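Just so we're aligned: 478 in the numbering used here is position 362 of the sequence shown, and the numbers increase by one with no gaps anywhere.
The beta carbon of each residue, even a glycine, is placed where N, CA and C say it ideally should be.
Keep in mind the model is a prediction, meaning the values are calculated, not measured.
Below is one structure, written out as structure tokens, with a few remarks after it.
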Amino acid sequence: MPSPIRILTAVPICDGHDSAINTINLEFIRHGIEVVYLGYHRSVGDIVRAAIQEDVRAIGISSYNGGHIEFFAEVIALLRKRGANNIKVFGGGGGTITQDDAVAMKRKGVDNIFFAGTSLAEMTDYVRKHYGRPRGKRPRSRSSDQDLAHKLTGTEDAYAKGKRRTSNSDKSRAGVQRVTLNKKIRDSKFEIRNSSKARVIGFTGPGGAGKTTLIDELVLRFLNQNPNGRIAILSHDPSVIGEGALLGDRATMINSQNDRVFMRSMATRGQAGGLSPATLDCLTLLARSAFDYVIIETVGTGQEAMPFQKNGIVDQTVLVMNPDYGSRLQLQKIVMLDLADIVVVNKSDLQRARTAHTEIEQRLEQNRRNQRLIDTVAKRHRDPGVDELFELISDRR
Ligand code: B12
Ligand SMILES: Nc1nc2c(ncn2[C@@H]2O[C@H](COP(=O)(O)OP(=O)(O)OP(=O)(O)O)[C@@H](O)[C@H]2O)c(=O)[nH]1
Ligand SMILES: [Mg+2]
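Printed below as a string of structure tokens:
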């Protein structure tokens with residue numbers, strides 16, 4: 117099966133009209149398209165950087181606050197400058213974009229503009245027809261980031277075609293798969309350790325615990341502390357084989373929209389446990405490239421998840437907990453509490469956080485593994501808990 121079509125959607129700078137694009141995103145996802153959503157109030161530079169790193173087929177822009185002729189044209193000009201004219205641009209903005217404007221925009225290279233009254237089905241058909249064809253041979257990459265992005269796509273496509281996939285649903289082959297997976301993890305670990313100087317840190321935890329917000333705050337600290345350093349983020353969101361996905365972590369990330377950050381959003385494409393079938397190979401590629409850190413964020417996970425297989429594929433694992441996990445009984449069931457190097461109680465601004473800290477502390481004491489427990493408020497800037505976590509992560513001893 118070919119990989120799903122990947123597109124990026126965004127709303128321009130100084131524009132907060134995200135209601136239309138949220139509806140359109142959902143419709144695209146429902147029709148098998150993977151949508152990397154960058155969010156609203158995004159600059160031309162942020163959009164083009166993200167599109168190249170994510171190696172999408174096209175960028176869909178929803179614009180309501182005016183200036184669309186210039187904004188769309190600037191996106192196209194920057195794509196050309198970066199050698200990424202294979203990435204197409206389309207969009208809409210209801211009645212704020214007139215027919216005449218659309219003619220001018222198409223002349224500057226925009227593929228299509230959708231007007232008020234267009235059905236969602238029409239837009240989805242357009243995307244499938246125009247951006248769903250197999251890619252032709254691509255010209256040589258202009259930058260190392262573009263080259264890396266193409267390689268990551270190649271890896272994901274190979275898995276989508278079933279080249280090396282180990283299907284979770286094929287129960288009769290489960291034993292063989294486990295052996296293959298373990299070998300793959302061992303090999304990958306060996307490869308990563310031998311080929312990279314990057315420190316690989318895995319973040320996991322339940323959906324909505326604040327993993328992305330926390331990573332973005334850590335990235336800010338890293339960028340400030342290392343004027344020339346580079347960091348990569350491999351972020352995961354859930355999807356079923358052959359179906360679409362909302363790859364939405366970029367929308368939460370403000371500081372990570374930076375030339376020194378390479379971010380790639382992956383759908384799990386049917387694999388349970390928090391990562392994608394292609395994650396290990398993609399991680400190897402990233403770890404071999406010139407990054408100081410590679411951060412992996414899993415999808416929101418459940419009690420049984422151990423995505424980093426007893427810390428095998430990463431140097432350090434961080435479990436981000438929501439204070440509202442239930443009671444002590446639930447804590448006994450969370451496998452990652454035994455495996456994580458660092459446990460974070462995020463949202464410690466919430467009322468239950470103090471109790472959560474005490475309960476988790478007692479749970480960790482039973483492990484006798486010297487695991488660290490930190491309280492954070494990731495959504496607050498300059499949070500001392502996040503500072504402490506950053507110290508722990510950047511301590512290479
Ligand atoms: C809803 C709305 C709001 C909501 C936004 C909620 C949100 N989170 O999005 C609120 C109330 C917050 C709001 C605020 C403002 N708004 Co307002 N808003 C609208 C309104 C009524 C509808 C826009 C909409 O979402 N339509 C629903 C979509 C699904 O339908 P559609 O627009 O017809 O789009 C079709 C296609 O174009 C296509 N499409 C759209 N985008 C894309 C993208 C892609 C990739 C594709 C494929 C297709 C596509 O999808 C639709 C298919 O039928 C319009 C008026 C109007 N009737 O258009 C004003 C309007 C856009 N707002 C306007 C203004 C001025 C503002 C404010 C500045 C008001 C103020 N003074 O505070 C603020 C600014 C907000 C900000 N931060 O940027 C003006 C813009 C004027 C202009 N550009 O010249 C408008 C036109 C109202 C007006 N007549 O004055 N607004
Ligand atoms: N109250 C409070 N809210 C927070 C804090 N950190 C993050 N949030 C909010 O929690 C919500 C989820 O945050 P994310 O960072 O997207 O969480 P996540 O764990 O990455 O979510 P998934 O990737 O969907 O699993 C957002 O609305 C954040 O603003 C915090 O410290 N306190
Ligand atoms: Mg997230």
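The three-state reading of DSSP puts M117 in coil, since its state is none of H, G, I, E or B.
Closest in alpha carbon position to L142, among I349, L124, K224, is L124. Counting only beta-carbon distances shorter than 5 Å to the non-hydrogen atoms of ligand 3, the qualifying residues in chain order are K327, T328, D365. Comparing alpha carbon positions, the residue from K449, E481, D431, L480 closest to L508 is D431. The alpha-carbon separation between K463 and G364 amounts to approximately 20 Å.
When the beta-carbon positions are compared, A394 and T271 come within less than 9 Å of each other. A check of alpha carbon separations from Q215 across K204, K224, I229 identifies I229 as the nearest. Sorting M221, L330, D397, Q373 by C-alpha distance to the C-alpha of D273 places D397 at the top.
For the region 366-419, the continuous beta strand (DSSP E) assignments of 3+ residues that do not extend past its boundaries occur at 377-383, 409-413, in sequence order. G323 has its Cβ nearer than 8 Å to a heavy atom of ligand 2. Closest in alpha carbon position to K327, among F144, P120, H352, Q341, is H352.
One alpha carbon belongs to V226, the other to L194, and they sit about 13 Å apart. The C-beta separation of I121 from R244 comes to about 7 Å, placing the pair in contact by the 8 Å criterion. Three or more beta-carbon pairs separated by less than 8 Å are not found between the region 467-481 and the region 321-340, which leaves the two stretches without contact.
In the DSSP assignment, V460 falls within the beta strand (DSSP E) that extends over 458-461. Non-local C-beta neighbours of M369 in its own chain, meaning closer than 7 Å and more than five positions away in sequence, comprise T328, D332, ordered along the chain.
Pairwise C-beta distances place the region 338-356 in contact with the region 365-385, as three or more of them are shorter than 8 Å.
Apart from the 5 residues on each side of it in sequence, G418 sits with its Cβ closer than 8 Å to the Cβ of P322 in its chain, given in chain order. Within the region 174-218, the complete alpha helix (DSSP H) segments of 4 residues or longer fall at 184-197, listed in chain order. Cβ contact annotation for I149 (same chain, cutoff 8 Å, sequence separation greater than five): P120, I121, R122, I123, T240, V243, R244, G360, in chain order. At the C-beta level, A456 and T269 stay beyond 9 Å of one another.
Not one heavy atom of ligand 2 is found less than 8 Å from the C-beta of L363. Cβ atoms of M452 and I476 stay farther apart than 8 Å, at about 12 Å. A distance below 6 Å between beta-carbons, with the five flanking residues on each side excluded, links G211 to the following residues of its chain, in chain order: A232. In the displayed model, S135 falls within a helix according to three-state DSSP.
In the DSSP assignment, Q482 falls outside any beta strand (DSSP E), carrying neither H nor E. Apart from the 5 residues on each side of it in sequence, R146 sits with its Cβ closer than 7 Å to the Cβ of G360 in its chain, given in chain order. An exposed status is given to E481, since fewer than 16 other beta-carbon atoms sit within 10 Å of its beta-carbon. Straight-line measurement puts the Cα of L362 at about 18 Å from the Cα of G389. By a beta-carbon distance limit of 8 Å, I177 contacts F188. Their separation comes to about 6 Å. The beta carbon of L447 is closer than 8 Å to those of Y441, L453, E475, I476, R479 in its chain, skipping five residues each way along the sequence. By DSSP's assignment, T125 forms a beta bridge with Y153, G176. With a cutoff of 9 Å on beta-carbon distance, R315 and D465 are scored as not near each other. H184 counts as buried, since no fewer than 16 other beta carbons sit within 10 angstroms of its beta carbon.
Taking a contact as a CB-CB distance under 8 Å, the pair A166 and Q262 does not count as one, their CB atoms being some 13 Å apart.
When only Cα atoms are considered, D503 and R196 end up about 40 Å apart.
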